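Each protein sequence line maps, in turn, to chains G and R.
Here the first sequence is numbered in the working numbering, starting from 1 and rising by one per residue.
Here the second sequence is numbered in the working numbering, starting from 1001 and rising by one per residue.
Note that the Cβ used here is the ideal one computed from N, Cα and C, for glycine as well.
Predicted model only: the values in this text are computed from it and were never measured.
Following: one structure in structure tokens, then a few remarks.
Number of protein chains: 2
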Amino acid sequence: MYCFFNKASFTSHSPKIKMEHTRIKELLNATEFGKEVVVKGWVRTFRNNQFIAINDGSSINNIQAVVDFENTPEDILKRITTGAAVRVKGQLIESLGKGQKVEVKATEVSIIGDSDPEKYPLQPKKHSLEFLREIAHLRFRTGTFNAVFKVRNALAFAVHKFFQENDFVYMHTPIITGSDAEGAGEMFQVTTLNLSNPPRKENGEIDFKEDFFGKSTNLTVSGQLEGELGAMAFGNIYTFGPTFRAENSNTTRHLAEFWMIEPEMAFYELEDNMDLAEALLKYVIKYALETCPEEIEFLKSRLLEEEKSKPAAERSELNLVEKLNFVLENNFERVTYTDAVEILKRSKPNQKKQFKYLIDDWGADLQSEHERYLVEKHFKKPVILTDYPREIKSFYMKQNEPDAQGRNTVRAMDILFPGIGEMVGGSQREENLDRLLARMAEVGIPAEEMEWFLDTRRFGSVPHSGFGVGFERLVLFTTGMTNIRDVIPFPRTPKNAEF
Amino acid sequence: MYCFFNKASFTSHSPKIKMEHTRIKELLNATEFGKEVVVKGWVRTFRNNQFIAINDGSSINNIQAVVDFENTPEDILKRITTGAAVRVKGQLIESLGKGQKVEVKATEVSIIGDSDPEKYPLQPKKHSLEFLREIAHLRFRTGTFNAVFKVRNALAFAVHKFFQENDFVYMHTPIITGSDAEGAGEMFQVTTLNLSNPPRKENGEIDFKEDFFGKSTNLTVSGQLEGELGAMAFGNIYTFGPTFRAENSNTTRHLAEFWMIEPEMAFYELEDNMDLAEALLKYVIKYALETCPEEIEFLKSRLLEEEKSKPAAERSELNLVEKLNFVLENNFERVTYTDAVEILKRSKPNQKKQFKYLIDDWGADLQSEHERYLVEKHFKKPVILTDYPREIKSFYMKQNEPDAQGRNTVRAMDILFPGIGEMVGGSQREENLDRLLARMAEVGIPAEEMEWFLDTRRFGSVPHSGFGVGFERLVLFTTGMTNIRDVIPFPRTPKNAEF
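See below:
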């Protein structure tokens, strides 16, 4: 297939909404000195009764407004406090201070909304990420979180741009579902039944016929199976939506509610699948680097600062920008599970029994420590592990012929990233109806509940592949943040659904 | 504010994934006659043992492959049935048939996946939309649903493109929530408790401390309140995600799970809000018209065909393309609720008592029949109704000063579209803490559960506005489909959560 961009015919730009004020990001790049401008934003600091640093969220940088304090009423000056919303009218002038090119010489200052400095939780000092997580509704007002969520925004848009340029159809797969796509995983139940006193059948079981959907339903763990239905019609589709896991995992890499990107492609074999995944990741990271240079520079400095508290040996060899460029400039290493196990067996931490889980035999699932060794120590770049043992992977993956020792593998591929672990999980799908049915029977998935899915193998079945990208892990990697709760606006984790 | 497009610096295109075959959409526009090509796709029809119409989902149009049936094995010819997947290698040649510019003179035909014509539900004839809804997992393979979901895809991408060009931050607000944003509405409960035997407190009530999140949680009905937190930090944000209503409404315009777009803007007053909403709707419809001309032409014909079965008086005056252009070319009519009520009181259907709900007094909510009269009969274009009575709108809307008769209204705005009714609902928000608290007390919303939301009014409160667009209603309007279940891949409605 030679992809092409068929949307080029649309060249219109969106109309501009006319407002009284100009956004600070635009002013910071302006050169029309002497022009009268209006700024609206929130006070970050107010120094010497004279210099207001104002931020309106459009940029991580503030604009400085210089107040003529002798001609400004005392009661206004008093109310220019951190967090207050102000309107400043004045002249845009070249700045004499360092660190800024422009500033506003204020002729009028008014308070739009006060902020009591005794009560406002965000003070002009460094707050810990833990503290900011407690006030997640206000943390967007800090430089760090402004940068994180601007990068998140850029990555999200880049995902859409990439797939649209490649003529994929964006498909909204259902959130509430009666089926468990992975045939595993702990799921959230969705119901409108009265939990205190649900309707029951004669045998005492809950009568889900009375529930909203007339049956028991859950929150989706993956849009893949529905995505396959789309791929068998449109050729190439992708989803980008929320998915859910009711796992009691309190780690820095797990969320109960997270966003996932799941493309699914007809006529793609495993190699094509890997090519696509690698191209996608490089494209979106490049997009973030190029459209958010200030934010990523800020996050690079933040990370360097954070790492100062670590022993030198534990600090990253590369800074954030170097790390992102490194991913762009190198091919991901493609290794079979079988080869990876050989590497791990012979590795120093295995020989010296430093791994918590020692690698003795072929067949075991790899642990985080093994993935990190492969990615961070052995190959020192993103790794695509393929052809995993059949028994540790999902029923829908295409089965390879048994190898010389009679071992069964499937055409799976996981992409492992430094510091993150699994960024992508995917596979070529089993397109043969009989093999798929046999595997479903082995693992105990009732075929009669999956007739709609099996129809894709009955009517014009074709080789096809797909994968899922954990979006928050992508944001985590690109921003250099270390806790996944800091890269989604309002994290949902065990015992926590605040805001 | 003068908006600007700051992403222009990114000019890279996504890399092309090399495949053996070329997608049909590309071949249909190709002119390199004589070139050898490979097509992979599904058989739509096979005529005279010679002409295969193949579709791969990239286009609503098929490509014709001409088989040299005398030199093709009989057992292959037999398996070229509707729905089967085939690979055809051959020469791209200029077509002599009408309705197509190119065709493929096949030199090799192979079957990738069979389709038993006795069992395949989609036959080359017209199926009813009701029947296709029963086999929603296969309906994407028809021309109508290919066109509908291509237009849906274009509209979704255009939404992102519009907001990105205007420097809005895409924000993923939570799906699982402990709060009810509208202060009303029937919600789906989310739980991991054992429904048969949930943990109970001493007084017999369910003990939600034992639930996954340590409290009772629901599926979100709106991301607005969290969006407001974002607007108070980034200035302009938007959400685009699934929302849920557990309403037992079995209509052609309601879904239990639907996608909503919710922008929220600091420093926007109601007029700015209306300007933005109108600009957004025009932009995305224009994008669909310009990037999906064949799909919309197809849907126009489909609608004309469907309307033939109606009495002439009930048919649309404008065809689909004319209707879409009409929206682009006209300003939306902006009318206050108070003026609209006067128009309705004096209207013929009210005078002749043809309305089911007669308009006598100021204060009642408008019904669908009234909205349709205003939009379809009186103004004959999209209408923005503003300044509704306070009592019929949400607590968070900004209160106007009482009018001369002492009537209380709020700065609400609903955008009504012909054939659809409410496409957009929005308002300026009440930014004054005391007024907001008073209103919450009146309608019985406990302030202590909303402290995080109230903080936006405590610390640097500013005038701000936002609105919600029901995405499926937008798709309904743009595609000319008449049942909302036909514009989302797998509709969720009372007693229905199939696939």
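Annotation: Q428 of chain G to S394 of chain G spans about 11 Å, alpha carbon to alpha carbon. Along the region 477-499 of chain G, the positions whose C-beta sits under 8 Å from a C-beta of chain R are I488, P489, F490, R492, P494, K495, N496, A497, E498 and F499, read in chain order. Take C292 of chain G, set aside five residues on each side of it, and the residues of its chain with a beta-carbon closer than 6 Å to its own are K150, V151 and A154, in chain order. Here DSSP, grouped into helix, strand and coil, assigns W1362 of chain R to coil. Between the alpha carbons of M423 of chain G and A1106 of chain R lies a distance of about 42 Å. Excluding sequence positions up to five before and after V1462 of chain R, its CB lies within less than 8 Å of the CB of M1232, A1266, F1267 and E1431, all in the same chain and listed in chain order. Taken through DSSP and simplified to helix, strand or coil, E186 of chain G comes out as coil. One Cα belongs to K25 of chain G, the other to I54 of chain G, and the distance between them is close to 11 Å.
Taking 7 Å as the cut-off between beta carbons, the residues of the region 37-59 of chain G near chain R are K40, W42, D56, G57 and S58, in sequence order. Remark: three or more beta-carbon pairs, one from each stretch, lie closer than 8 Å, so the region 297-309 of chain G and the region 468-485 of chain G are flagged as touching.
When CB distances to chain R are screened at a threshold of 9 Å, the residues of the region 141-156 of chain G falling below it are R141, T142, F145, N146, F149, K150, R152, N153, A154 and A156, in chain order. For V1383 of chain R, the CB contacts under 7 Å within the same chain, skipping 5 residues up- and downstream, are F1332, E1333, V1335, L1374, V1375 and L1416 in chain order. Sequence-ordered contacts of the region 1268-1300 of chain R with chain G read D1272, D1275, L1276, A1279, Y1283, K1286, Y1287, E1290 and T1291 [C-beta pairs closer than 7 Å]. Counting only runs that start and end inside the region 351-421 of chain G, the alpha helix (DSSP H) elements of at least 4 residues fall at 368-372. By the neighbour-count criterion, in which 16 or more other beta carbons inside 10 Å mark a residue as buried, E1295 of chain R falls on the buried side.
In this structure, DSSP gives A1136 of chain R a state outside helix and strand, which the three-state scheme calls coil. The beta carbon of F213 of chain G sits closer than 9 Å to some beta carbon of chain R.
Look at S1115 of chain R: its C-beta is under 9 Å from a C-beta on chain G. Residue contact check for M1440 of chain R against chain G: no CB pair falls below 9 Å. In the structure shown, H1464 of chain R falls within a strand segment according to DSSP collapsed to helix, strand and coil. Beta-bridge analysis with DSSP links T336 of chain G to G:T386. Between H1137 of chain R and L229 of chain G the beta-carbon gap is near 5 Å, inside 8 Å, which marks them as a contact. Interface flag for Q164 of chain G against chain R is set, since a Cβ pair is found closer than 9 Å. Of the other Cβ atoms in all chains shown, fewer than 16 fall within 10 Å of the Cβ of N1203 of chain R; this residue is therefore exposed.
Within the region 322-338 of chain G, contact with chain R at the beta-carbon level (separation under 8 Å) is assigned to no residue. Buried is the label assigned to F140 of chain G, since at least 16 other Cβ atoms lie within 10 Å of its Cβ. Residues of chain R with a Cβ closer than 8 Å to the Cβ of D167 of chain G are, in chain order, R1023, K1025 and S1058. In this structure, G:Q189 is the residue among G:Q189, G:F212, G:S222 and G:F240 with its C-alpha nearest to the C-alpha of T1217 of chain R. Under the three-state reduction of DSSP output, G426 of chain G falls in the strand class.
Judged by their CB atoms, Q1050 of chain R and T1082 of chain R are not nearer to each other than the 9 Å cut-off.
Close partners of Y396 of chain G in chain R (Cβ separation under 7 Å) are lacking, with about 15 Å as the shortest Cβ gap. Using a CB distance cut-off of 9 Å, P1174 of chain R counts as an interface residue toward chain G. With 16 or more other Cβ atoms from the protein chains shown falling within 10 Å of its own Cβ, Y1238 of chain R counts as buried. By the Cβ criterion, the region 1248-1260 of chain R is in contact with the region 1459-1475 of chain R, since at least three pairs of Cβ atoms, one from each stretch, lie closer than 8 Å. Residue environment analysis places F1033 of chain R among the exposed positions, since fewer than 16 neighbouring C-beta atoms fall within 10 angstroms of its C-beta. Excluding five sequence positions before and after E307 of chain G, the CB atoms of its chain that fall closer than 7 Å to its own CB belong to R315 and S316, given in chain order.
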